[in-house]
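Asks: Position in the sequence shown (first residue = 1) + 18 = our numbering.
All C-beta atoms, glycine included, are put in the ideal place defined by N, C-alpha and C.
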Amino acid sequence: MFWLLTLFAYLLGSLSFAIVLSQLSGMPDPRAGGSGNPGATNMLRLAGRRLAIGTLLGDLLKGLLPVTLAAWLGYDVQQQAWIGLAAVLGHLYPIYFRFQGGKGVATAAGVLLGLYAPAAALAAAAWLTVFRLTRTSSLAALIALPLCLPLLAWRQPGSLLPMSVLALLIVWRHRSNLQALLAGRERHF
Ligand code: G3P
19 MFWLLTLFAY LLGSLSFAIV LSQLSGMPDP RAGGSGNPGA TNMLRLAGRR LAIGTLLGDL
79 LKGLLPVTLA AWLGYDVQQQ AWIGLAAVLG HLYPIYFRFQ GGKGVATAAG VLLGLYAPAA
139 ALAAAAWLTV FRLTRTSSLA ALIALPLCLP LLAWRQPGSL LPMSVLALLI VWRHRSNLQA
199 LLAGRERHF
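1) Between the alpha carbons of W145 and A162, how many angstroms are there, rounded?
2) For the alpha helix (DSSP H) that contains L23, what are its first and last residues?
3) Which residue's Cα is closest to the Cα of V183: L107, L157, L200 and S155?
4) Less than 8 Å between the beta carbons of Q97 and L133, yes or no?
5) Please go through the same chain and pick out, in chain order, the residues whose beta-carbon is closer than 7 Å to the beta-carbon of V85, but skip the five residues on each side of it.
6) Does any residue of chain C bring its CB to less than 8 Å from the CB of G176?
7) In whole angstroms, what separates the C-alpha of M19 from that of R191?
Laid out in C-alpha cells, this is it:
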C-alpha cells in the first residue's frame, strides 16, 4: 500500500495546474513566456492574479492530499514525508508533460502543511517577509524552505531526511534563478 500511495502521489503531483488552467482558460502556455516556469509566480506574471491563485492552490493541494491520506492510513511521519516527496517529484518531473515540470515551491508548501502545520506557517511568514522586502519570488522560496528544516528536525525528526532531499531538489530546480540573482538580473514584481 505504501508504494501504491507513493505512485498515486507522483501521478497527482505530475498534474501541472499552471499548464492545465492556462489551457482551460485559453491563456498562453506559461512555459513559453516570462521565466518559462509552469508555476504560480509565472502565472501571476503572464495570466493575472486569479489564475495564479488557482495554480497556487491546486499545486499546494497535490502535496497536501497524499500526505494527509498517508497520515489517515496510519503511516508514520517519515513515510508521510517520502510520499510527499513523490508528489513534489511529480511536479518537478511530470509524467504527463515529458518530465519538464516546475520548481516545486507550492507543492512543497502543501507537503509541509500536511506534515507539520507550524513549519508551513513559518515558511509562509518567511516567504511573505522576504517577498515584501525584495519583490522576488525565487529568493523568498530559497530562504523560506530551508529555514523550516531546523524546526522539523526538532519537532518531526523522522521527516528530516526526506524533507532535506526535497529542499535540495528545490534549490537545484532554482539554479537558473540563483544565477540570475547573483548576476543581479532576477525578475522582480
Ligand atoms: O515558485 C517558483 C519561484 O520560486 C520562481 O519562479 O517564475 O520566478 O522562476 P520564477
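Replies: Looking at the coordinates:
1) Counting from 1 along the sequence shown, the entry for residue 145 is found at position 127. Counting from 1 along the sequence shown, the entry for residue 162 is found at position 144. About 5 Å.
2) For this step, residue 23 is matched to residue 5 along the sequence shown. Residues F20 to G31.
3) Stepping through the sequence shown from its first residue, residue 183 is reached at position 165. The candidate whose alpha carbon is nearest that of V183 is L107.
4) As a position in the sequence shown, residue 97 is number 79, starting the count at 1. As a position in the sequence shown, residue 133 is number 115, starting the count at 1. Not a contact, by the Cβ cut-off of 8 Å.
5) By 1-based counting over the sequence shown, the position of residue 85 is 67. Around V85, the same chain offers Q98, I101, G102, V129, G132 and L133 as residues with beta carbons nearer than 7 Å, after the five sequence neighbours per side are excluded.
6) No chain C appears in the structure shown, which is made up of a single protein chain.
7) Position 1 of the sequence shown, counting from 1, holds the residue named residue 19. Position 173 of the sequence shown, counting from 1, holds the residue named residue 191. Distance between the alpha carbons of M19 and R191: 30 Å.
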